[in-house]
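Residue numbers (our numbering): -6 to 349. For each residue, glycine too, the CB sits at the ideal point set by N, CA and C.
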Ligand SMILES: [Zn+2]
Ligand SMILES: [Zn+2]
């Protein structure tokens, strides 16, 4: 595998194209995977738009499942043929944060598709494999496993490890794209009651199908916090901004009841400015503002057990599987024309004109 097909970005906000590039070799302590499935996420759009520091040419992609095809020196837990997934944050495996199970905030972290070439390719290199790789249980499909790495695991950790969501509590989920729908599914599985908010009727229908107790159509002018307060008897206990904008962040915070917990999941990159946050309400009502940055591999077993049991079904969030060539056209418009549900890419699929 000297060369591979990959989606390549040559300049920020430029066109994406699939072409042959050198295949990766395993780093020390890392592996190379043949990519079996990889998710298209709004974070990929942020990288394309120049909101992350990436070096060009670049290969995006950070939600993936694959099979190990090459192992670097110093790897003890993994071997060729292992079917694995990985959190989008790869901890270094050596620092105090990684050693205590919090690789998602490792100061020396790597991220495929951001700090190095990602998974919109036939092969991807991953670092610190013994810390970051997660074996995929037999009952979990490649596509379902790929969905975990960013959006699903982040939603899971946001509601469990960060917000401590309890059965019977109300949670408002603002934005019903991939991460928002994941949050709706997880919240319902935890026994919570859900208000889902989005601008798109398709997204709201998907949220309702997953069991959201109420759906609210936002239009930029509607008083979402007021409506949530009416529906929930004074505001939700937990609110998640799964979009990442000044308005959705504020709507999430203002939808809370007193002493509620807000989790910021949608990205608010410094490159696009700092949002105004209603801190007077935060103080007066003793609200908690929490961040969520993925989930370390060390925390995957609890989530995987719920998936194996069928209590969580990430595969139900996947609306379509496409090839790399189709994904090139979809990625640049993800912020404005994001299709409902999750989009998965099969990077091994031949090009449309390959004649296979
Ligand atoms: Zn570390
Ligand atoms: Zn992502």
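| Asked | Found |
| --- | --- |
| Is the distance from the Cβ of residue 225 to the Cβ of residue 188 below 8 Å? | yes |
| Return the first residue and the last residue of the alpha helix (DSSP H) that residue 147 is part of. | 146 to 150 |
| Could you tell me if residue -3 is buried or exposed, where buried requires 16 or more neighbouring beta carbons within 10 angstroms of its beta carbon? | buried |
| Would you say the beta carbon of residue 36 comes nearer than 7 Å to a heavy atom of ligand 2? | yes |
| Could you tell me which uninterrupted beta strand (DSSP E) segments, each at least 3 residues in length, are contained entirely in the region 321 to 349, listed from first to last along the chain? | 335 to 338 |
| By DSSP, does residue 253 sit in helix, in strand, or in coil? | strand |
| Tell me, to the nearest whole angstrom, how far the beta carbon of residue 287 is from that of residue 147; I am working on the premise that it is less than 8 Å. | 5 Å |
| Considering only residues of the same chain and omitting the five flanking positions on each side of residue 100, which have a CB-CB separation below 6 Å? | none |
| Considering only heavy atoms of ligand 1, does any lie closer than 7 Å to the CB of residue 122? | no |
| Hey, is the region 266 to 282 in contact with the region 185 to 204, meaning 3+ C-beta pairs nearer than 8 Å? | no |
| Cutting at 8 Å between CB atoms, please list the residues of its own chain near residue 71, excluding the five before and the five after it. | 24, 61, 64, 77, 122, 123 and 126 |
| At a threshold of 7 Å, does residue 56 count as lining ligand 2 (C-beta to nearest heavy atom)? | yes |
| Taking residue 186 as part of the beta strand (DSSP E), name the residues at either end of that continuous run. | 186 to 191 |
| Tell me where the beta strand (DSSP E) around residue 12 begins and ends. | 9 to 15 |
| For residue 348 and residue 321, I'd like the C-alpha separation in whole angstroms. | Because residue 348 carries a pLDDT of 47, less than 50, the predicted location of this residue cannot be relied on, and the following value inherits that uncertainty. Taking the straight line from one Cα to the other gives about 20 Å. |
| For residue 3, name the three-state secondary structure that DSSP assigns. | coil |
| Hey, quick one: how far does the alpha helix (DSSP H) through residue 259 stretch, first residue to last? | Residue 259 -> no alpha helix (DSSP H), and no H or E assigned at all. |
| Would you say the beta carbon of residue 96 comes nearer than 7 Å to a heavy atom of ligand 1? | yes |
| Run through the DSSP bridge pairs and tell me what residue 183 is partnered with. | DSSP lists no partner for residue 183. |
| Would DSSP call residue -2 helix, strand or coil? | strand |
| Does DSSP put residue 163 in a helix, a strand or coil? | strand |
| On the CB-based measure, 16 or more other CB atoms within 10 Å of its CB, does residue 194 come out buried or exposed? | exposed |
| In whole angstroms, give me the CA-to-CA distance for residue 159 and residue 19. | 42 Å |
| What's the C-alpha gap between residue 163 and residue 228? | 8 Å |
| For residue 211, tell me which candidate among 220, 190 and 218 has the shortest Cα-Cα distance. | 190 |
| If you drop the 5 nearest sequence neighbours on each side, which residues of the same chain put their C-beta closer than 6 Å to that of residue 205? | 177, 187 and 189 |
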